[in-house]
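**Q** Sharing a structure below in structure tokens format, with a few things to ask.
Number of protein chains: 2
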Amino acid sequence: MTETNEITQHDAVEQFILYWGDMGSQWGVNRSVAQIHALLFLSREPMNAEQISAALGIARSNVSNSLKELVGWKLIRRVPIPGDRREYFEAETDVWEMAMRIAQGRKEREIDPAAAALTACVEKAETEKNIDPVILKRLLDMQDFMATTNSWYEQMLRVPKPQLKTLIKMGDKVLSVLKIARKGT
Amino acid sequence: MTETNEITQHDAVEQFILYWGDMGSQWGVNRSVAQIHALLFLSREPMNAEQISAALGIARSNVSNSLKELVGWKLIRRVPIPGDRREYFEAETDVWEMAMRIAQGRKEREIDPAAAALTACVEKAETEKNIDPVILKRLLDMQDFMATTNSWYEQMLRVPKPQLKTLIKMGDKVLSVLKIARKGT
DNA sequence: CCGTTATTTCTGTAAAAAATGAAATAAATA
DNA sequence: TATTTATTTCATTTTTTACAGAAATAACGG
Numbered sequence: 001m002t003e004t005n006e007i008t009q010h011d012a013v014e015q016f017i018l019y020w021g022d023m024g025s026q027w028g029v030n031r032s033v034a035q036i037h038a039l040l041f042l043s044r045e046p047m048n049a050e051q052i053s054a055a056l057g058i059a060r061s062n063v064s065n066s067l068k069e070l071v072g073w074k075l076i077r078r079v080p081i082p083g084d085r086r087e088y089f090e091a092e093t094d095v096w097e098m099a100m101r102i103a104q105g106r107k108e109r110e111i112d113p114a115a116a117a118l119t120a121c122v123e124k125a126e127t128e129k130n131i132d133p134v135i136l137k138r139l140l141d142m143q144d145f146m147a148t149t150n151s152w153y154e155q156m157l158r159v160p161k162p163q164l165k166t167l168i169k170m171g172d173k174v175l176s177v178l179k180i181a182r183k184g185t
Numbered sequence: 186m187t188e189t190n191e192i193t194q195h196d197a198v199e200q201f202i203l204y205w206g207d208m209g210s211q212w213g214v215n216r217s218v219a220q221i222h223a224l225l226f227l228s229r230e231p232m233n234a235e236q237i238s239a240a241l242g243i244a245r246s247n248v249s250n251s252l253k254e255l256v257g258w259k260l261i262r263r264v265p266i267p268g269d270r271r272e273y274f275e276a277e278t279d280v281w282e283m284a285m286r287i288a289q290g291r292k293e294r295e296i297d298p299a300a301a302a303l304t305a306c307v308e309k310a311e312t313e314k315n316i317d318p319v320i321l322k323r324l325l326d327m328q329d330f331m332a333t334t335n336s337w338y339e340q341m342l343r344v345p346k347p348q349l350k351t352l353i354k355m356g357d358k359v360l361s362v363l364k365i366a367r368k369g370t
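Chains as they are written, first to last, in the working numbering: chain W, 1 to 185; chain X, 186 to 370.
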């Protein structure tokens, strides 16, 4: 009694899933994960693992692991369906929210560890007596850059979405409003 | 007569190269490429392929290909050394410039193709007669998001570095200056 | 508890990516 | 033009990652 979800009937949906899966590879996300995300992003109803497996033709176990990863990124969430003990999942469909979750995930997984590693290097460099000052400066510059952008990011995270959108939509106009000169003004 | 570059003597440098290489993997950049970049980033003198190969213990051919990739990203450039017919390379050492080059590269390789694919899907969806309006809306939302952020990015690229730094350093203070309310204000 | 159904973990295999060493090409000089 | 030296290309091996299918575990309903 596995209800079929007519979503995969649409050509456009199928194409989107294919493209998205492939894009994922370029991005460092594996195809299964990206495809499942694409499917759930477009599905109007939550889906269970069995349905996803059938819709995409990928192994049930693979679906299970991929779902776990997507949950880890907070791009999908479990939704309980009354009277059904299977687990259903739905995707975050607000694209801004989605982007922020991805940014957050990448920061945690990629940026933060890099920053930590860098700190360790700087510490080591500072204890080395005959360290070349040029080298030390470059490490410090990099560290400073990371600290600055990290702090910027933290602040942006705290900005409510509507204001953030306004800001983005203003683009480089903020410069003139702030009386910061920009090229060709 | 391959002059040794004493740079790899420093423990801190070696550690940085190792960390950076490993970070690269997480990032979707292969280890060789990341290590070479790290090495050149810290080296005060330009280096040739032979020296790099020796310093990192990786195959000469691998160095050649990796250098080509780094040049493609504009993270390093060839520098002619008078009286030496070998090719020498040096890295961009301004971290802001470096970040912008990486951003530009990722946009071209990851974002732009995604946007194109998305456009194709939207077009297909719009021609399908019985397309679910919810699905179409989600595709359009995504497309709109991409267009917005893309335009923002283009504008930011045109902002001269010093102003950009100012802007980043201001962080969420721009909101108050622009009279856009923010949480806790 | 026992049988049933859902989910996860584990193990092997297939596919993809990275890296090497050798061969080929190109560039320079003598 | 022949010879040396630098660089690139190519075929092969190694390493890593993705995936499937089976087995194990867990969750529930009778």
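All C-beta atoms in this analysis are idealised placements derived from N, C-alpha and C, irrespective of residue type, glycine included. Quick caveat, the model's predicted, so the values are computed rather than measured.
Can you give me the start and stop residues for the alpha helix (DSSP H) that R245/X sits inside?
**A** Counting along the chain, the alpha helix (DSSP H) containing R245/X begins and ends at 245-257.
**Q** Identify the contact partners of S336/X in chain W, using a Cβ-Cβ distance below 8 Å as the criterion.
**A** Ordered by position in chain W, the residues that pass the 8 Å Cβ test against S336/X are G171.
**Q** Are the segment 311-320 of chain X and the segment 1-20 of chain W in contact at 8 Å, needing three or more beta carbon pairs?
**A** The answer is yes - the segment 1-20 of chain W touches the segment 311-320 of chain X, with three or more Cβ pairs under 8 Å.
**Q** Kindly indicate the opening and closing residues of the alpha helix (DSSP H) around R271/X.
**A** Per DSSP, R271/X belongs to no alpha helix (DSSP H) and is neither H nor E.
**Q** Is there at least one Cβ from chain X nearer than 7 Å to R78/W's Cβ?
**A** No, R78/W does not count as interfacial toward chain X.
**Q** Within this structure, are the beta carbons of E275/X and L260/X separated by less than 7 Å?
**A** Not a contact, by the Cβ cut-off of 7 Å.
**Q** Closer than 8 Å is the cut-off here; do at least three beta carbon pairs connect the segment 334-354 of chain X with the segment 32-51 of chain W?
**A** No: the two stretches stay apart, fewer than three of their Cβ pairs being nearer than 8 Å.
**Q** Is the beta carbon of R271/X less than 7 Å from the beta carbon of N233/X?
**A** Yes, they are a contact pair.
**Q** Near A115/W, what residues of its chain come up, given a Cβ to Cβ distance below 6 Å and the 5 sequence neighbours on each side ignored?
**A** Hits under 6 Å: M146.
**Q** Measure from the C-beta of R86/W to each C-beta in chain X and report whether the shortest distance is under 7 Å.
**A** False, the Cβ-Cβ gap to chain X never drops below 7 Å.
**Q** Rounded to whole angstroms, what is the Cα-Cα separation between W337/X and D329/X?
**A** Between W337/X and D329/X, the C-alpha separation is close to 12 Å.
**Q** Check whether the Cβ atoms of G206/X and Q220/X lie closer than 7 Å to each other.
**A** Yes.
**Q** Could you name the residues of the same chain whose beta carbon sits closer than 7 Å to that of G105/W, not counting the 5 residues immediately before and after it, in chain order?
**A** Cβ neighbours of G105/W beyond the five flanking positions: W73.
**Q** Any idea what DSSP makes of N233/X, helix, strand or coil?
**A** Reduced to three states, the DSSP call for N233/X is strand.
**Q** Using the DSSP secondary-structure output, state which residues sit across from V79/W in a beta bridge.
**A** V79/W pairs with Y88/W.
**Q** For chain W, is any of its Cβ atoms less than 7 Å away from the one on D196/X?
**A** Yes, because at least one Cβ of chain W sits closer than 7 Å to the Cβ of D196/X.
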